[in-house]
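Going down the list, the sequences are from chains C and Y. Per the numbering used here, residue 401 is the first one in the first sequence, and the count goes up by one each step. Per the numbering used here, residue 49 is the first one in the second sequence, and the count goes up by one each step. Read through the structure below, which is laid out as structure tokens, and then see the notes.
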Amino acid sequence: MRLDTTYTVNTPEGIALELSPAGPVVRTLAWLVDLSIRAGVSLLIIILLAFMGSLGIGLAMILIFLLEWFYPVWFELRSQGQTPGKRLLNIYVAQLDASPISPAASVVRNLLRVVDFLPFFYGFGLASCLLTKRFQRLGDLAANTVVLHKSLPVLSHREFSASPEPANVALALPEQQALILFAQRQSTLTAERQQELAILTESLVTHKTDPAAHLRNIASWLIGKHE
Amino acid sequence: MKLTDLSIQVRQRSHWEAIDLGFSLVQQHWRALIIPYTLLVILIAIPVWLILPEAYLWVASLIIWWLKPLYDRLLLHSLSRQLFNQTTTTAEAFSALPQLIRHTGLWSALSYRRFSFSRSYNLAIWQLEGLSGQARRKRQELIYLQGHSNAVWLTIACVHLEWIVLFSLYMLILIFDPSGATWEHIKSLFRGELEMDTQYWRSLLDFVFLILTILAIEPFYVAAGFMLYINRRTQLEAWDLEIAFRNLGERLAGLTKVNHSGLASLLIILVTSGLILSLTPPVNAQTLTKTEAHEVLAAERLPAEQATAKINEVMQLEELNSRRKISTWIPKDKTAKQEEENQLPEGLIQLVASIFKTLLWIGAFLAFILALIYRQKIFALLSPLRQPTKRAPAPEVLFGLDLRPESLPEDIAGTARRLWEAGQAREALSLLYRGALVILTHQEQLAIHTSHTEGDILKLAKSATAPERYAYLRTLTQLWQRIAYAHRIPETRELLPLFEGWPAFQTPRVELASSEVAP
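This is the structure:
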């Protein structure tokens, strides 16, 4: 079993979802973005309400309290588990099985920030992130949630032109996928590297003058072009 | 380097995921990493601490922090072996150290490249690719085309994480220290004040905390940068494809061997299938073998009829047949509605429309007639708006005159004329004037107070009453004043218009109202 950050969830429909938990670095950056947004809004509230004297400061304190505690809950429930910072870094909060976060879980994970925050600016949260396999802080563990990368990098759907040609042997599904990927990544690989890779398939390209082009032809056949 | 020996899953990843993979790598292999690394840091830290004079102990922390690129190299050495499932022993790691110091650009890394933000990203170029000079620069440019910003953010984030760890350690001590000495120490760290008696132990505490912080975060930082680099190499050189193609090539090579030995059996199968095919309706044998070669089918398969039955059975399951009621707003289909309306005969619509039109006109005409008949009531409804709502009650006695309406006779003008003819001039004028005042106060709602004189009333009446009425009142007041105060009895001809004008004076409002409506 090779090391990867992902884990798999089987849905009741029989689909295996590959989920990719987000680590401490990307979460720290998202948190810093959210922190600066909250700080900016708090400052604005204080400036606007300071004109109302003591009453204004009191109101500002209440508003800032609500902002600090319910900013993540609001955004997690309203915009698919993404606060603005998380949106910027393309990560989102979800239940461990990737279903949308429930209100109770969101409240729990955000109220437990106070525990993660100990002893100094998420010291325990960081320790928990570094020690757990899915980079969960204590609030995540309690609420059974996880922060995930929004999407695995979309395999490039780039078009490629080749004259379709069937392979001389049956190919397994991963092998077919590899061939299609090879054809799609034509522009990101050097010509020499392409030939080098193509020769590795051995009997698939024996007696061919241009192995890479032949593999592209097979890939074109595999994606359904038979003319 | 054999890619098939890689201990990590090679696939296309985002740069952030690559950084996360670095963290996972350290989680997985921390035992192998931590021993040589900790040993190296401690071996440097102890001599540094012992050599420095007490006044310059803070320099020890600086040195330990400054030497991070050296530890990075040892960590990367272990990590790069670990990546191919080779565990390095502590002895092996240390024996590689002299080579790491000499050939990996350590001196530039410790001097002018110490503050580079992409330190962990480009380390592999120096150390693993062993490049230098122009070649290294070109290589670095290529690598930096993607993932460089992520490497910079990785450094920024890791600096934050180090601060978090360092201050968390202080805060942990602070939480469990009732004496308050830690708090004083933290404050003095920022004030720069020194207390000599405990200074040594406090500096040692700072030193140990810094070492712990570096021990905790640096492996993750180096591994994350390394994985960023590996991810970039995977992009550039399609490592995932190389592994897949190698496996494919090996499998195909195995297949051809099997095919040679099983050629005879294959021939038999072909012959028998050919026999069967000749009996069955015309199916092209060549296409059959071709499709067999290209289709990937499971080894165990149900016959077609059974499979159809099974599929039907599955499709009947409740999970696939559940119905849900969903309420949503959808835009109205306007064309359909128009068609519906058009189904009514045109004549009927016209008829209904004209009936309602006629009814409306009749209604409007009736309303106009009613308004004409009841115009006075309508104006009466409107008039209260013009009257002052706040009004003092009319005075009962004004400069000695009784102003209660009950005290007046029914026919004021007739009574006054009789009194005049009987020679009681004073009583006759008094009666007329009182009558006029009562009309003014009760009919005209003139705001007359007990303090008002005859002249004041005249002034008030000027703006509030009609001009004819005012003229009558003025004549009356003059005559009344003359007889009341000067005791001069007016002529009969002066008085006669008053008697004759009284009915007009008494009821001017109807005339006023009709005069407004008439034109």
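Here a beta-carbon is modelled for each residue, glycine too, at the ideal position from N, C-alpha and C. This one's a predicted model, so the numbers in the text were calculated from it and none came from an experiment.
Contact annotation: Ile580 of chain C and Ala619 of chain C have beta-carbon atoms nearer than 7 Å. DSSP places Val445 of chain Y within a strand segment (E or B) once states are collapsed to three.
For Arg452 of chain Y, the closest alpha carbon among the candidates Y:Leu488, Y:Phe427 and Y:Ser431 is that of Y:Leu488. Cβ neighbours of Pro484 of chain C within its own chain (closer than 8 Å, five residues either side excluded): Val433, Asp434, Ile437 and Phe475. Identification of chain Y residues near Ala562 of chain C by a Cβ-Cβ cut-off of 8 Å yields none; the smallest Cβ-Cβ distance measures about 16 Å. Annotation: the segment 476-533 of chain C contains the following complete segments of the alpha helix (DSSP H) (minimum length 4 residues), in chain order: 484-488, 503-511, 513-517 and 523-531.
Chain C places a beta carbon closer than 7 Å to that of Met219 of chain Y, counting this residue as a contact.
The contact set of Asp404 of chain C on chain Y, defined by CB atoms closer than 8 Å, consists of Ile56, Gln57, Arg59, Leu69 and Ser72 in chain order. For Val409 of chain C, the enclosing beta strand (DSSP E) covers residues Tyr407 to Asn410.
Under the criterion of beta carbons closer than 8 Å, Ala567 of chain C and Leu604 of chain C qualify as touching, at roughly 6 Å.
Judged by their CB atoms, Ala476 of chain Y and Ala495 of chain Y are not nearer to each other than the 7 Å cut-off. According to the DSSP assignment, Val547 of chain C belongs to the beta strand (DSSP E) that extends over Thr545 to His549.
With a threshold of 7 Å between beta carbons, Ser402 of chain Y makes no contact with chain C. For Ala139 of chain Y, there are no CB contacts under 8 Å within the same chain when 5 residues up- and downstream are skipped. Comparing alpha-carbon positions, the option among Y:Trp78, Y:Ile67 and Y:Thr513 lying closest to Asn279 of chain Y turns out to be Y:Ile67. DSSP places Glu559 of chain C in the coil class of the three-state scheme, outside both helix and strand.
Of the candidates Y:Asp254, Y:Ala205 and Y:Leu193, Y:Asp254 places its Cα closest to the Cα of Phe215 of chain Y. Against Leu600 of chain C, the close residues of chain Y are Glu290, Phe293, Arg294 and Gly297, in the order they occur along the chain (beta-carbon pairs closer than 7 Å). When C-beta distances to chain Y are compared with 9 Å, the residues of the segment 575-588 of chain C below that value are Glu575, Gln576, Gln577, Ala578, Leu579, Leu581, Phe582, Arg585 and Thr588, in chain order. DSSP places Leu589 of chain C in the coil class of the three-state scheme, outside both helix and strand.
Beta-bridge annotation (DSSP): Glu418 of chain C is paired with C:Thr408. At a Cβ-Cβ threshold of 7 Å, Trp211 of chain Y and Leu222 of chain Y do not count as neighbours. Out of Y:Tyr248, Y:Phe224 and Y:Leu217, the CA that lies nearest to the CA of Thr261 of chain Y is found in Y:Leu217.
If you ignore the 5 residues before and after Arg294 of chain Y, its C-beta comes within less than 7 Å of the C-beta of Thr52, all in its own chain and listed in chain order. Taking a beta-carbon distance threshold of 7 Å, Gly453 of chain C does not count as an interface residue toward chain Y.
Distance between Leu524 of chain Y and Ala428 of chain Y, taken at the CA atoms: about 30 Å. For Gln364 of chain Y, no CB of chain C lies under 7 Å from its own CB, so it is not counted at the interface with that chain. For chain Y, the residues of the segment 418-429 of chain C that bring a beta carbon within less than 8 Å of one of its beta carbons are Ser420, Pro421, Ala422, Gly423, Pro424, Val425, Val426, Thr428 and Leu429, in chain order.
At least one CB atom of chain Y sits nearer than 7 Å to the CB of Leu597 of chain C. Bridge partners of Asp450 of chain Y according to DSSP: Y:Val445.
Taking a cut-off of 8 Å for Cβ pairs, the segment 538-557 of chain Y and the segment 506-524 of chain Y touch, as three or more such pairs fall below it.
Contact holds between the segment 592-608 of chain C and the segment 287-305 of chain Y, because three or more Cβ pairs, one in each stretch, are under 8 Å apart. Annotated three-state conformation of Leu122 of chain Y is helix, per DSSP.
The C-beta distance from Arg558 of chain C to Gln584 of chain C rounds to 5 Å, short enough to fall under 8 Å. Secondary structure note for Ile56 of chain Y: it is in no alpha helix (DSSP H), with a DSSP letter that is neither H nor E. Identification of chain C residues near Leu209 of chain Y by a Cβ-Cβ cut-off of 7 Å yields Pro424, Thr428 and Leu526, ordered along the chain.
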